[in-house]
Amino acid sequence: TPSPPGSTSVLAGLYGPAEAKSSRELPDRAALEVLLRPKVGLPGVLERSREQLLRQTCEAVLLGGLHPRTAVTLVLQVLSDAGSLLSCCLNAACMGMLDAGLPLSSLFCGVTCALDPSGAIVLDPDTQQEQEARAVLTFAIDSAERKVLMANTKGSCSVEEVR
Amino acid sequence: VMSARGEAAEVCVGRVVLPGDVLLLPAPARPEEDEERLLRLGAGAGPPRGRLLCGPGLRRCAAGLLVTKGGVLRHRAAGGAYWVDSQQKRYVPVKGDHVIGIVTAKAGDVFKLDVGGSEQASLSYLAFEGATKRNRPNVQVGDLIYGQFLVANKDMEPEMVCIDSSGRSSGMGLIGQDGFLFKVSLGLIRKLLAPKCDVIQELSQLYPFELVLGMNGRIWVKAKTVQQTLILVNILEACEYMTAEQRKQALAKLSGN
Numbered sequence: 002t003p004s005p006p007g008s009t010s011v012l013a014g015l016y017g018p019a020e021a022k023s024s025r026e027l028p029d030r031a032a033l034e035v036l037l038r039p040k041v042g043l044p045g046v047l048e049r050s051r052e053q054l055l056r057q058t059c060e061a062v063l064l065g066g067l068h069p070r071t072a073v074t075l076v077l078q079v080l081s082d083a084g085s086l087l088s089c090c091l092n093a094a095c096m097g098m099l100d101a102g103l104p105l106s107s108l109f110c111g112v113t114c115a116l117d118p119s120g121a122i123v124l125d126p127d128t129q130q131e132q133e134a135r136a137v138l139t140f141a142i143d144s145a146e147r148k149v150l151m152a153n154t155k156g157s158c159s160v161e162e163v164r
Numbered sequence: 191v192m193s194a195r196g197e198a199a200e201v202c203v204g205r206v207v208l209p210g211d212v213l214l215l216p217a218p219a220r221p222e223e224d225e226e227r228l229l230r231l232g233a234g235a236g237p238p239r240g241r242l243l244c245g246p247g248l249r250r251c252a253a254g255l256l257v258t259k260g261g262v263l264r265h266r267a268a269g270g271a272y273w274v275d276s277q278q279k280r281y282v283p284v285k286g287d288h289v290i291g292i293v294t295a296k297a298g299d300v301f302k303l304d305v306g307g308s309e310q311a312s313l314s315y316l317a318f319e320g321a322t323k324r325n326r327p328n329v330q331v332g333d334l335i336y337g338q339f340l341v342a343n344k345d346m347e348p349e350m351v352c353i354d355s356s357g358r359s360s361g362m363g364l365i366g367q368d369g370f371l372f373k374v375s376l377g378l379i380r381k382l383l384a385p386k387c388d389v390i391q392e393l394s395q396l397y398p399f400e401l402v403l404g405m406n407g408r409i410w411v412k413a414k415t416v417q418q419t420l421i422l423v424n425i426l427e428a429c430e431y432m433t434a435e436q437r438k439q440a441l442a443k444l445s446g447n
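Protein sequence lines, in the order shown, are assigned to chains A and B. Taking my numbering, the leading residue of the first sequence gets 2, the next gets one more, and so forth. Taking my numbering, the leading residue of the second sequence gets 191, the next gets one more, and so forth.
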């Protein structure tokens with residue numbers, strides 16, 4: 002079924018634990034690789050930096066020590082983008098790992114906040130709100146102890162506002 | 191916040207649990223005994239009271255058991271085992287599992303088998319019933335072998351054998367020619383291997399066939415004709431998502447043909 006207009010959707014595919022090339026295998030845990038494909042065009046620098054953020058977040062919850070010398074590959078394909086793309090990718094990655102049956106120490110979710118020029122906080126902004134905002138912050142929060150796993154900021158905001 | 195996280199394990203049996211949930215274990219029967227000594231993992235003889243077995247999908251943590259896979263929590267009173275029934279397609283070798291492997295290489299005295307895991311398993315040519323150095327089994331690259339894991343842990347290459355501990359093959363070994371091999375999810379295999387499986391009984395009413403189920407998600411079927419084999423393959427693949435009613439209807443239509 003087609004997504005309702007104005008919604009962000011990401012398709013996640015997870016492969017693993019599979020055989021790793023000897024150059025990539027780690028002796029004590031699984032090597033996680035994330036590939037993010039945009040809706041149009043080739044992946045660029047923005048996708049690469051997001052892939053690293055996603056990889057570090059997923060490695061924090063994945064119990065890689067149970068599958069040493071293996072490779073886990075996560076492929077994310079952007080189907081539609083209407084704002085809050087990074088937190089949608091985080092949610093898709095978490096759902097993918099849960100559905101594939103990989104051992105996890107907790108689940109996590111992604112949340113985007115936009116600070117508009119007046120200082121008000123908007124949760125899960127759409128594309129227009131993101132462009133008008135002074136700063137856009139994305140957080141990954143884990144389910145076990147409600148701690149922040151990852152924080153990403155675009156724009157400028159003061160330390161008090163982050164709290 | 192920490193104390194509110196855990197729920198008693200008995201309450202959660204039969205419910206869906208998610209990674210990150212902590213299951214609290216019942217207090218020891220004899221209060222003067224140390225808690226640490228009572229919560230033990232794994233095998234070994236010993237008094238059943240207070241002993242606990244931690245199955246797939248669970249790991250020990252400071253407060254009790256930590257759930258690592260999403261699924262339904264199950265409990266077996268005999269032996270006090272808890273485990274999570276989860277679904278996945280990727281197989282991870284476990285010692286003692288019977289699997290179907292495909293021979294990919296012959297390296298000296300050892301065959302290399304693809305079992306669907308992250309590494310290839312090794313199988314010695316002497317691990318067949320009645321095999322000696324002069325009497326080697328006739329196994330070629332591309333053949334199917336049904337065997338069990340002798341060694342399977344995360345640190346070592348998995349090893350398979352086609353004989354059990356007394357030296358008999360008990361149904362293991364080279365799988366014959368013809369037939370059809372296909373892959374399904376691990377949950378379906380566990381359902382088909384359950385003691386009273388309706389699917390297999392209903393299918394045996396339809397045509398006579400040979401069936402080998404591997405715990406790595408692979409099924410080998412052989413019936414008298416190619417058409418019957420393909421019909422069985424389609425039914426087995428579809429019965430994962432069919433209810434019992436739909437399956438009975440499909441089989442009734444086929445046996446009417």
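Think of the CB as a built atom: it goes at the ideal place given N, C-alpha and C, for glycine as much as any other residue. From a predicted model like this one, the values you see are computed outputs, not experimental measurements.
If you run the structure through DSSP and keep just helix, strand and coil, what is B:Phe314? In the second sequence, residue 314 of chain B corresponds to position 124, counting from 1. Before going further, note that residue 314 of chain B is Ser rather than Phe in the sequence given. If DSSP states are grouped into helix, strand and coil, B:Ser314 belongs with the strands.
Taking a Cβ distance cut-off of 9 Å, strictly less, list which residues of the region 39-53 of chain A are near chain B, in chain order. none
Is any beta-carbon of chain A found at less than 7 Å from that of B:Ser312? Translated into the one-based positions of the second sequence, residue 312 of chain B becomes position 122. No, its Cβ sits nowhere closer than 7 Å to a Cβ of chain A.
Using a C-beta to C-beta distance shorter than 7 Å, which residues of chain A count as neighbours of B:Glu309? What you label residue 309 of chain B is simply residue 119 of the second sequence in a count that begins at 1. Under the 7 Å cutoff, chain A gives Glu20.
Distance cutoff 7 Å, beta carbons only. Does A:Ser144 sit that close to anything in chain B? Here residue 144 of chain A refers to the residue found at position 143 of the first sequence. Output row for A:Ser144: interface = yes.
Are A:Leu105 and A:Val73 touching if we call contact CB-CB under 7 Å? Residue mapping note: residue 105 of chain A aligns to position 104 of the first sequence, counting from 1. Residue mapping note: residue 73 of chain A aligns to position 72 of the first sequence, counting from 1. Taking 7 Å as the Cβ cut-off, A:Leu105 and A:Val73 do not qualify as a contacting pair.
Would you call the CB atoms of B:Arg202 and B:Leu263 closer than 7 Å? Start at 1 with the first residue of the second sequence, and residue 202 of chain B comes out as number 12. Start at 1 with the first residue of the second sequence, and residue 263 of chain B comes out as number 73. It should be noted that the sequence gives Cys, not Arg, for residue 202 of chain B. Yes. Within cutoff.
Can you tell me whether B:Tyr281 is buried or exposed? The criterion is at least 16 other CB atoms within 10 Å of its CB, across all chains shown. Locating residue 281 of chain B in the second sequence gives position 91, where the first residue counts as 1. Buried, because 16 or more other Cβ atoms sit within 10 Å of the Cβ of B:Tyr281.
Counting C-beta neighbours from all protein chains within 10 Å, is the total for B:Tyr336 16 or more, i.e. buried, or is it exposed? Locating residue 336 of chain B in the second sequence gives position 146, counting from the first residue. The residue in question, B:Tyr336, is buried, as its Cβ has 16 or more Cβ neighbours within 10 Å.
Roughly how far, in whole angstroms, is the beta-carbon of B:Lys381 from the beta-carbon of B:Glu400, given that I think they are within contact range, below 8 Å? Sequence index remark: in the second sequence, residue 381 of chain B carries index 191 (1-based). Sequence index remark: in the second sequence, residue 400 of chain B carries index 210 (1-based). Not a contact, Cβ separation roughly 20 Å.
Would you call A:Cys137 buried or exposed, if buried means 16 or more other Cβ atoms sit within 10 Å of its Cβ? Residue 137 of chain A sits at position 136 when you count from the first residue of the first sequence. The question names Cys, but residue 137 of chain A is Val in the sequence shown. It counts as buried.
Starting from the C-beta of B:Lys373, find all residues in its chain whose C-beta is less than 7 Å away, skip the five residues before and the five after it, and write them out in chain order. Translated into positions along the second sequence, residue 373 of chain B becomes position 183. The answer, listed in chain order, is Gly407, Arg408.
Counting only beta-carbon atoms, is A:Pro118 nearer than 7 Å to chain B? Residue 118 of chain A sits at position 117 when you count from the first residue of the first sequence. A:Pro118 does not count as touching chain B.
Residues bridged to B:Met350 [DSSP beta-bridge criterion]: Indexing the second sequence from 1 puts residue 350 of chain B at position 160. DSSP output for B:Met350 lists B:Leu313, B:Phe339 as bridge partner(s).
Within the same chain, show all residues whose beta-carbon is closer than 6 Å to that of B:Thr322, passing over the 5 residues directly before and after it, in chain order. Within the second sequence, residue 322 of chain B is the residue found at index 132, counting from 1. If we look at B:Thr322 and ignore the five residues flanking it on each side, it has no Cβ neighbours.
Classify A:Met151: buried if its beta carbon has 16 or more other beta carbons within 10 angstroms, exposed otherwise. For the purposes of this step, residue 151 of chain A is identified with residue 150 of the first sequence, where counting begins at 1. Looking at its Cβ environment, which holds 16 or more other Cβ atoms inside 10 Å, A:Met151 is buried.
Sorted by chain position, which residues of the same chain lie with C-beta nearer than 8 Å to A:Gln57's C-beta, five sequence neighbours on each side aside? Taking the first sequence and counting its residues from 1, the one referred to as residue 57 of chain A is at position 56. The residues Met151, in chain order, have a CB closer than 8 Å to that of A:Gln57 in the same chain once the five nearest residues on each side in sequence are set aside.
Listed in chain order, which residues of the region 58-80 of chain A have Cβ atoms closer than 9 Å to some Cβ of chain B? Val62, Leu64, Gly66, Leu67, His68, Pro69, Arg70, Thr71, Ala72
Is B:Glu309 buried or exposed, if buried means 16 or more other CB atoms sit within 10 Å of its CB? Reading the second sequence from its first residue, position 119 is the one you call residue 309 of chain B. It is buried - the Cβ of B:Glu309 has at least 16 other Cβ atoms within 10 Å.
For a test of the three-state rule: what should DSSP assign to A:Asp125, helix, strand or coil? The count along the first sequence starts at 1 and reaches residue 125 of chain A at position 124. Here A:Asp125 sits in coil by DSSP.
For a contact defined as C-beta to C-beta under 7 Å, what are the partners of A:Pro104 on chain B? The residue labelled residue 104 of chain A in the question sits at position 103 within the first sequence. Ordered by position in chain B, the residues that pass the 7 Å Cβ test against A:Pro104 are Thr258, Lys259.
From this set, A:Leu15, A:Leu47, A:Pro69, which residue's C-alpha is nearest A:Ser23's C-alpha? Against the first sequence, residue 23 of chain A aligns to sequence position 22. Ranked by how close their Cα comes to the Cα of A:Ser23, the residues A:Leu15, A:Leu47, A:Pro69 have A:Pro69 in first place.
Pick helix, strand or coil for B:Cys244, following the three-state DSSP scheme. Mapped onto the second sequence, residue 244 of chain B falls at position 54. Of the three classes helix, strand and coil, the one that applies to B:Cys244 here is strand, per DSSP.
To the nearest angstrom, report how far apart B:Ala268 and B:Gln395 are at their CA atoms. Against the second sequence, residue 268 of chain B aligns to sequence position 78. Against the second sequence, residue 395 of chain B aligns to sequence position 205. Taking the straight line from one Cα to the other gives about 35 Å.
Which residues in chain B sit within 9 Å of A:Leu138, going by Cβ to Cβ distance? In the first sequence, residue 138 of chain A corresponds to position 137, counting from 1. Neighbours of A:Leu138 on chain B: none; closest Cβ ~23 Å, over 9 Å.
With a Cβ-Cβ cutoff of 7 Å, do B:Ser356 and B:Lys279 count as a contact? In the second sequence, counting from the first residue as 1, residue 356 of chain B sits at position 166. In the second sequence, counting from the first residue as 1, residue 279 of chain B sits at position 89. For B:Ser356 and B:Lys279, no; Cβs fall outside 7 Å.
Between the alpha carbons of A:Gly168 and B:His265, how many angstroms are there, rounded? Residue 168 of chain A cannot be examined here, being either before or after the span of chain A that is shown, 2 to 164.
Could you check what DSSP says for B:Glu430 in three-state terms: helix, strand or coil? Here residue 430 of chain B refers to the residue found at position 240 of the second sequence. If DSSP states are grouped into helix, strand and coil, B:Glu430 belongs with coil.
Mind pulling the chain A residues with CB within less than 7 Å of B:Lys296? By 1-based counting over the second sequence, the position of residue 296 of chain B is 106. What B:Lys296 touches in chain A: nothing, since even the nearest Cβ is about 20 Å away.
Taking the Cβ atom as the reference point for each residue, do B:Gly210 and A:Ser10 lie within a distance shorter than 7 Å? As a working note, residue 210 of chain B is residue 20 in the second sequence. As a working note, residue 10 of chain A is residue 9 in the first sequence. Cβ distance not < 7 Å, so B:Gly210 and A:Ser10 don't count as in contact.
So that I know if they touch, is there some Cβ in chain A lying closer than 7 Å to that of B:Ser276? Within the second sequence, the letter at position 86 stands for residue 276 of chain B. At least one chain A Cβ lies under 7 Å of B:Ser276.
Consult DSSP for B:Met362 and reduce its assignment to one of helix, strand or coil. Indexing the second sequence from 1 puts residue 362 of chain B at position 172. In the structure shown, B:Met362 sits in coil (DSSP, three-state: anything other than H, G, I, E or B).
Between B:Ala199 and the rest of its own chain, which residues show a CB-CB distance below 8 Å, the 5 nearest in sequence each way excluded? As a first step, residue 199 of chain B must be located in the second sequence, where it is residue number 9. Listed in chain order, the non-local C-beta contacts of B:Ala199 below 8 Å within the same chain comprise Leu213, Leu214, Leu215, Pro216, Gly254, Leu255, Leu263, His265, Tyr272, local neighbours out to five positions each way being set aside.
Inter-stretch contact at 8 Å, needing at least 3 Cβ pairs: the region 341-349 of chain B / the region 280-294 of chain B: Three or more pairs of CB atoms, one per stretch, sit closer than 8 Å, so the region 341-349 of chain B contacts the region 280-294 of chain B.
Pairwise C-alpha distance: B:Gly196 and A:Glu146: The sequence position of residue 146 of chain A within the first sequence is 145, counting from 1. The sequence position of residue 196 of chain B within the second sequence is 6, counting from 1. Just so you know, the alpha carbons of A:Glu146 and B:Gly196 end up roughly 12 Å apart.
So that I know if they touch, is there some Cβ in chain B lying closer than 7 Å to that of A:Ser24? The residue given as residue 24 of chain A occupies position 23 in the first sequence. Not one chain B Cβ lies under 7 Å of A:Ser24.
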